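For reference, the structure is listed below as structure tokens.
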Amino acid sequence: MISNFFKIAWRNLWKHKLFSFINIVGLGLAIPFALLSLIQVQSAFEFDNFHPYPERTFRIITDVTDNIGTKTKYALSPIALSNELQQGYPSVEKATFVVRDFGWEMNNRIKTIQLNSIYVEPSFFDMFGFPLLKGTRPVEPNTLVITQEKAEVFFGDSDPVGKILTHPDYGDFTITGVLKPFKRNTHFRSDVMLSMATYKRLKKDTLPNSLSAFTYVLLKEGANKKNLDAALVAVAGKMNRQPAFTSAKESFSFRKQNINKLAPDFEDLRGNSYIESLLDLSVNFGFALGLLFIS
4 MISNFFKIAW RNLWKHKLFS FINIVGLGLA IPFALLSLIQ VQSAFEFDNF
54 HPYPERTFRI ITDVTDNIGT KTKYALSPIA LSNELQQGYP SVEKATFVVR
104 DFGWEMNNRI KTIQLNSIYV EPSFFDMFGF PLLKGTRPVE PNTLVITQEK
154 AEVFFGDSDP VGKILTHPDY GDFTITGVLK PFKRNTHFRS DVMLSMATYK
204 RLKKDTLPNS LSAFTYVLLK EGANKKNLDA ALVAVAGKMN RQPAFTSAKE
254 SFSFRKQNIN KLAPDFEDLR GNSYIESLLD LSVNFGFALG LLFIS
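For the record, in the sequence shown the residue sitting at position 147 is 150 according to my numbering, with numbers rising by one throughout.
Listed below in structure tokens is the structure:
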């Protein structure tokens, strides 16, 4: 009985060779494309799901309203925000900020490699899941920690701690530690993490109202999340009264985002590095489903 079905199917395929070829090849291409799109969607929803305090860790985003009432949403925030949140708000256990710098290139006198780089404070390593394999955190100016993968590219099996990498504009940097391997599904995507003291030395002219940092808050265990909302309102009011902000004729307001809810980007935030927007994911997945349906 079953063998008859196979015989009939084979005869039909052989009778309509061209259409059979188009259908089989089309379906063969559509299925893996749809599966890849599904993996992309799943990956987007798994961003930054490996940090130690996911329910208590938040990124602070900024809404900027200009003098005619137009609101623009940013993933970034002023550098001064994290320092303000650490003062006088008992529900906040820690606050830190991160600055991303694109276009870095470093060498060890033998190899020159382009690197993703971010500036971090020492408290960054207390809040997020980036433990060190060896060495210490970068604290002093012109110090950094490097991923194990890039350390092997530069130095092979040699211990990289204490060795020097050189930037063509910023000079020599001492490697103080090596990061353990971590998930690549993170908006902290980086090959080297540089000390914030380096950033403050290099970027002395950064304006107080410049949206150049990503600010993060770790609430104390058991603290009410509404306390953070109130703190953000208070800090925004304080900042908006400062000359640097009033002269720009813009007002700032701040909101919290849970660290494991950053992706996909439902709000199309500006400056939201390495996080895909919901629109892009929907278009890619819809195209894959359409191709599968046609096939």
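Beta carbons are placed, not taken as given, at the ideal position from N, Cα and C, and that holds for glycine. Everything numeric in this text was worked out from a predicted model, so none of it was measured.
Opening and closing residue of the alpha helix (DSSP H) in which residue i lies
i      : result
Asp129 : Phe127 to Met130
Asp66  : Note, Asp66: premise wrong, no alpha helix (DSSP H); beta strand (DSSP E) at Thr60 to Thr68.
Ser161 : Note, Ser161: premise wrong, no alpha helix (DSSP H); not H, not E.
Ala83  : Ala83 to Leu88
Asn243 : Lys228 to Asn243
7 Å CB neighbourhood of residue i in its chain, flanking five on each side removed
i     : result
Glu96 : Leu221, Leu222 and Lys223
Straight-line Cα distance separating residue j from residue i
i      : j      : result
Phe2   : Gly240 : This structure gives no information on residue 2, because the portion of the chain shown stretches from 4 to 298.
Arg140 : Ala216 : 20 Å
Thr60  : Pro163 : 32 Å
Thr201 : Tyr122 : 8 Å
Thr115 : Val156 : 10 Å
Glu270 : Ser276 : 14 Å
Thr73  : Phe127 : 33 Å
Leu272 : Glu279 : 10 Å
Gln260 : Arg112 : 42 Å
Asn52  : Gly138 : 25 Å
Asn188 : Gly180 : 22 Å
Lys229 : Tyr92  : 12 Å
Ser213 : Pro35  : 45 Å
Gly225 : Ala266 : 25 Å
Asp129 : Phe255 : 28 Å
Phe48  : Lys264 : 8 Å
Val238 : Glu58  : 22 Å
Ile262 : Lys207 : 29 Å
Phe257 : Val236 : 7 Å
Met199 : Asp69  : 30 Å
Pro55  : Pro171 : 36 Å
Ile1   : Gln245 : Any property of residue 1 remains undetermined from this structure, which presents the chain solely from 4 to 298.
Sequence-distant residues of its chain with Cβ nearer than 6 Å to residue i (five each side left out)
i      : result
Val195 : Leu118, Ser120, Leu147 and Ile149
Thr218 : Ile63, Ser80, Leu84, Ser85 and Phe100
Lys76  : Asp66, Glu270 and Leu272
Asn110 : Thr169
The beta strand (DSSP E) enclosing residue i, as first and last residue numbers
i      : result
Phe257 : Ser254 to Asn261
Lys76  : Lys74 to Tyr77
Ser168 : The residue asked about is misnamed: residue 168 is Leu in this sequence, not Ser. Run containing Leu168: Ile167 to His170, per the beta strand (DSSP E) assignment.
Contact set for residue i: own chain, Cβ-Cβ below 8 Å, skip 5 residues either direction
i      : result
Gln89  : Val95, Lys97 and Ala98
Gly133 : For the sequence presented, residue 133 should be read as Phe rather than Gly. The answer, listed in chain order, is Phe127, Leu182, Lys183, Phe185, Phe191 and Met196.
Asp175 : Asn145, Ile167, Leu168 and Thr169
Leu135 : Phe128, Val148, Gly180, Val181, Leu182 and Lys183
Classification of residue i by the beta-carbon crowding that lies within 10 angstroms, buried from 16 upward
i      : result
Arg103 : buried
Ser161 : exposed
Glu124 : buried
Val142 : exposed
Asp268 : buried
Leu231 : buried
Phe105 : exposed
Ala233 : exposed
Residue i at chain D interface by Cβ criterion, 8 Å
i      : result
Val181 : The displayed structure is made up of one protein chain only, and chain D is not part of it.
Problem - Inside the stretch 176 to 225 only - beta strand (DSSP E) runs reaching at least 3 residues - result: Unbroken beta strand (DSSP E) runs of no fewer than 3 residues, entirely contained in the stretch 176 to 225, are found at 195 to 198 and 214 to 222, following chain order.
Practice task
Tell me the start and end of each unbroken alpha helix (DSSP H) in the stretch 99 to 149 that is at least 4 residues and wholly inside, in chain order.
Solution key: 127 to 130
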